[in-house]
């Protein structure tokens, strides 16, 4: 009873504050629970045997603890290969789009050029067009890729870029990747809030525009850059929209996850049909295991970047 | 021509001109992407929506649809029995969810901005949905029957009568005299709490950043003058953050409308890729897009009229 100590009287204000912190505690814990509970459920389901699904007395703690779901999911997703491939793809794409978005954001934040407002409106425009609108032309573009008919002239036909990584690279390099408009917006607000004096001092000392940018602006934007990188990485990692559009035969984490149940089914058939029918419950159990496997690397990165992430947002001035 | 000046009889870039060139060079990646990738795609998609498309071995043939190209659009509105319903359903659900997401994220950001034990941990957990509930994971989660049934069966088995008691809709209908529409909004808020929490990650981040940006001296000054916390909130916090309410509502509309779990989005996707009806799918996508654009314009217009800017820039 802290408030009973000598010299401290129980005042209404004090009681009110205590009451509020109690209420606040309950609310915060409640929200955290709402977020963590499904995660935890997924995690525990992934260790359950099939009979546990139909056992009403089992809720979180599996009765028949088993690793077999993981064994199935690991082989069904071809996890090792897919993991390395997705890691390289996501890291590459998010680095590339970070660089291009940084440049564009700085250009919009600090320079005056004709049609600037209109062009920035275009950035917003790329954000609000649902990807479904351009899905098909996008596919056709990379299926029959050509730059002003140059390839047609040289080799007689356009190039098929489907099932290569070029579409990802081209989209990222030209800031047309997943939600790049948002990154440009965030970084622009950050740069706008930086004091101009820093750059002016650099100019006076004879630093060029690009060098000022690389030497002065970029280092001070690190927390924000980590945030953008993290967003880019995660959204690339879980994106099945563009991945399934650009890659037909090559599987990445998200596409492997969505075809996991079908793969497991096929494996069973290959073993001589020991299971002629997979129950929906079992399918969902395998899917949950796969989801846990796909999430684990993300959570690891999040824990690692978390400090920058929160700090970056706090100092960002997305405000502006 | 402020961008050029004359020197020794030749036209050169002036200082502003050089600045403009540098700026354009910096945004070059975007210019290339927008004018050589994005705009052609948009134009192409618009052309598809006015056409019937047949895929051949090495390309495709477009033929204009009936009614001078409007066939696909007319089909969506007048022939397809599901489209209007789905569109309306999608939009009304969003219109319900957007304010709920905004209110929740604003509230949560205020909460996370206060000082208490375990604040860092709470922040990390609240931002977690940004990481784990995106793309394919969200889509899988929504189609996951098992966890849903597991929840409902164990709920009804274990809680029994209490579960029925907690059915908020019937509870409110029976014991209060609120109009049905209000009840359904409240019930949605409670039943979709998880969806709302999951959808609020980025918005909480943005609001929190804004709250951190408010200068403490404002609060000090007003408290000196005898303002209560309640007054501080409405007279300082709310106006200072109003520009972010605009940003967030636009972002929320976009995020909810283009999320992979959205009913309309899946419908367009199946039309294009499973039913291989490109023209019709594109037309649906365009109608949907126009609806989003209108909603964003209205929401943006209404909110921006009430936004307060501390220093007009």
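Residue numbers (my numbering), protein chains in the order written: chain A, 659 to 978; chain B, 89 to 401. The beta carbon of each residue, even a glycine, is placed where N, CA and C say it ideally should be. None of the values given here were measured: they were computed from a predicted structure.
- Counting along the chain, residue 675 of chain A sits inside no beta strand (DSSP E); it lies in the alpha helix (DSSP H) bounded by residues 670-703.
- Among the residues facing chain A, residue 199 of chain B is included, as its CB has a counterpart in that chain under 8 Å away.
- With a threshold of 8 Å between beta carbons, residue 117 of chain B makes contact with chain A.
- The contact set of residue 388 of chain B on chain A, defined by CB atoms closer than 8 Å, is empty, because the minimum CB distance reaches about 10 Å.
- With a cutoff of 8 Å on beta-carbon distance, residue 882 of chain A and residue 852 of chain A are scored as not near each other.
- Contact note: residue 139 of chain B does not reach chain A at a C-beta cutoff of 9 Å; the least C-beta distance is about 12 Å.
- Not a single CB atom of chain B sits nearer than 8 Å to the CB of residue 950 of chain A.
- Neighbours of residue 353 of chain B across chain A, judged by C-beta separation under 8 Å: 788 and 790.
- Non-local beta-carbon contacts of residue 207 of chain B in its own chain, meaning distances under 8 Å to residues more than five positions away in sequence, involve 200 in chain order.
- Annotated three-state conformation of residue 203 of chain B is coil, per DSSP.
- C-alpha of residue 815 of chain A to C-alpha of residue 954 of chain A: approximately 43 Å in a straight line.
- Proximity of chain B to residue 877 of chain A at the Cβ level (cut-off 7 Å) is not reached, the minimal Cβ distance being about 17 Å.
- Look at the beta carbons and you see the segment 817-826 of chain A not touching the segment 733-742 of chain A: under three pairs across the two are nearer than 8 Å.
- Closest option to residue 327 of chain B, judged by alpha-carbon separation, among B/108, B/394 and B/366: B/394.
- For residue 291 of chain B against residue 340 of chain B, the beta-carbon gap comes to about 6 Å, under 8 Å, which counts as contact.
- For residue 98 of chain B, the enclosing beta strand (DSSP E) starts and ends at 98-101.
- In this model, residue 132 of chain B and residue 160 of chain B are separated by some 15 Å (Cα to Cα).
- 8 Å or more divides the Cβ of residue 888 of chain A from the Cβ of residue 805 of chain A.
- Residue 831 of chain A sits away from residue 128 of chain B, with the two beta carbons spaced by 8 Å or more.
- With fewer than three CB-CB distances shorter than 8 Å, the segment 868-879 of chain A does not count as touching the segment 907-919 of chain A.
- Taking 8 Å as the CB threshold, residue 283 of chain B stays off the interface with chain A.
- Around residue 946 of chain A, the same chain offers 700, 703 and 704 as residues with beta carbons nearer than 6 Å, after the five sequence neighbours per side are excluded.
- In this structure residue 721 of chain A is exposed. Its beta-carbon is surrounded by fewer than 16 other beta-carbon atoms within 10 angstroms.
- When C-alpha distances from residue 795 of chain A are compared across B/366, B/376 and B/387, the shortest belongs to B/366.
- Straight-line measurement puts the Cα of residue 183 of chain B at about 16 Å from the Cα of residue 285 of chain B.
- If you draw a 10 Å sphere on the C-beta of residue 695 of chain A, you find fewer than 16 other C-beta atoms in it, and that means exposed.
- Taking residue 289 of chain B as reference, the option from B/343, B/93 and B/318 with the minimal CA-CA separation is B/343.
- Taking a C-beta cut-off of 8 Å against chain B, the contacting residues of the segment 814-836 of chain A are 828, 829, 831, 832, 833 and 834, listed in chain order.
- Residue ranges of uninterrupted alpha helix (DSSP H) with 4 or more members, entirely inside the segment 848-914 of chain A and ordered along the chain, are 854-862, 867-870, 880-896 and 899-904.
- Fewer than three Cβ pairs drawn from the segment 211-219 of chain B and the segment 383-391 of chain B lie within less than 8 Å of each other, which leaves the two stretches out of contact.
- In the three-state DSSP reduction, residue 93 of chain B falls in the strand class (E or B).
- In this structure, the CA atom of residue 732 of chain A is about 10 Å from the CA atom of residue 726 of chain A.
- In this model, residue 798 of chain A and residue 950 of chain A are separated by some 34 Å (Cα to Cα).
- C-alpha of residue 743 of chain A to C-alpha of residue 823 of chain A: approximately 11 Å in a straight line.
- Under DSSP, residue 803 of chain A forms a beta bridge with A/817.
- Any Cβ of chain B closer than 8 Å to the Cβ of residue 794 of chain A would place that residue at the interface, and such an atom is present.
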